[in-house]
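Start counting the sequence shown at 1; every next residue gets the next number (the UniProt record's numbering).
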Amino acid sequence: RANTHTHTHTHTHTHNMPCRSGRMASRNVTIDVIFLTQTVVGILGNFSLLCHYINLYFTGCRSRSTDVILQHLIVANFLTLLSKGVPQTMAAFGWEYSPSDFGCKMIFFLHRAGRGVSMGSICLLSVFQVITISPQNSRWAELKAKAPQHIVPSMCLCWMLQMLVNVVFPVNITGKYSDKNITNRRDFGYCSALRYDETRSILLALMLLLPAVSSLGLMLWASASMVFLLYRHKQQVQHIRRNIISPRSSPESRATRTILLLVSSFIYFYTLSSIFQVILTFFDNPSWFLVNISAIMAAWFPTVSPFLLMSRDSTVHITSDFINRNIFDIKYL
């Protein structure tokens, strides 16, 4: 009887093995397809938006101040998708891709710099919009005329700061087949990362977190300020034009939805990505599934943002018609 029981148990265990491996294979295929779709769609979306701005340039259309920020955002999106999306997709499909130590360091450096500039672009866009839509009698009135002149220098400063801050990040990144300390290494499929000691890990995390927290704080403040200004203006317009009925939503409400959609989507995807990256740090040897999910989360905003901007003409040009008509020049009573 004991032999029969053992035989039955062994038979059941071996019978469940193919099912379990089949589920894992199906899950891996799903992740592979998501990677490929996300990378291709993101690159095509950003390329389409880039073509839009190239077309505006060659047709002689006057570009708006916010277009410069959005162009830098496109470049940052390309960096993020190409540096991490392409090699991660190749690794997920099992295609042979093993960059050198220097290649791995550049991949992670460009990815970090791209994410940082993307955050800086959204932050600058939010602050610039607050200045632009502020009334003439506000404390921002003096900056209204000067703000467009400072956009290009601000973006250049953003690039330089991100290069300096993130230059230390890839120090522990090595090639997958490097001969350095194989036992103390975290595998990313195509590259590896040597683990820091606890003190160095905390210092590195603080150095990378401070700019991120500052930028997110500015975004939240700018978003709240814009909502307040647009709501205040809406109340005054309703008081002045009470008898005018428009079938379409007001320009200020469209601008509010556009700005808040872009900023909130960035904060949402960035927060999700950061949560998964923090989870990864708690595992000495994280599963390939967890590494892939973390990479997918990091690529969502660069993939989605060009389509948010292209969804309407007023979305591509964040500064909408009501700003161009200087309706905020009306002094508040």
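Quick reminder that beta carbons are idealized off the backbone N, C-alpha and C, glycines included.
Distance between beta carbons of residue j and residue i, contact taken as under 8 Å
i      : j      : result
Cys158 : Val117 : 6 Å
His111 : Lys84  : 4 Å
Pro170 : Lys105 : 4 Å
Tyr190 : Met90  : 7 Å
Ile74  : Leu49  : 6 Å
Met119 : Ser265 : Contact flag wrong, Cβ pair sits at about 13 Å.
His52  : Met155 : Going by Cβ atoms, the distance from His52 to Met155 rounds to 19 Å, so no, they are not a contact pair.
Ala113 : Leu79  : 7 Å
Ser192 : Arg186 : 6 Å
Alpha helix (DSSP H) segment containing residue i, residue limits
i      : result
Cys158 : 151-166
Cys104 : 101-133
Pro306 : 300-310
Phe78  : 65-80
Ala147 : Per DSSP, Ala147 belongs to no alpha helix (DSSP H) and is neither H nor E.
Per DSSP, cross-strand counterpart(s) of residue i
i      : result
Thr174 : Ser192
Asp187 : Ser192
Contact with chain B by residue i, beta-carbon distance below 9 Å
i     : result
Gln38 : Although the question refers to chain B, the structure presented lacks it and comprises just one protein chain.
**OP:** Mind the definition here: the stretch 163-170 touches the stretch 140-149 only if three or more C-beta pairs lie below 8 Å; say whether that holds.
**Re:** Cβ pair count under 8 Å is below three, so no.
**OP:** Determine contact between the stretch 126-143 and the stretch 210-226, defined as no fewer than three beta-carbon pairs at a distance below 8 Å.
**Re:** Flag = yes, the stretch 126-143 and the stretch 210-226 touch.
Original post:
Below 8 Å, can you find three or more Cβ-Cβ pairs linking the stretch 264-282 to the stretch 295-310?
Top reply: As far as the Cβ criterion goes, the stretch 264-282 touches the stretch 295-310, which means the pair count is three or higher.
Subject >> Inter-stretch contact at 8 Å, needing at least 3 Cβ pairs: the stretch 301-308 / the stretch 37-49 >> reply: A contact exists between the stretch 301-308 and the stretch 37-49.
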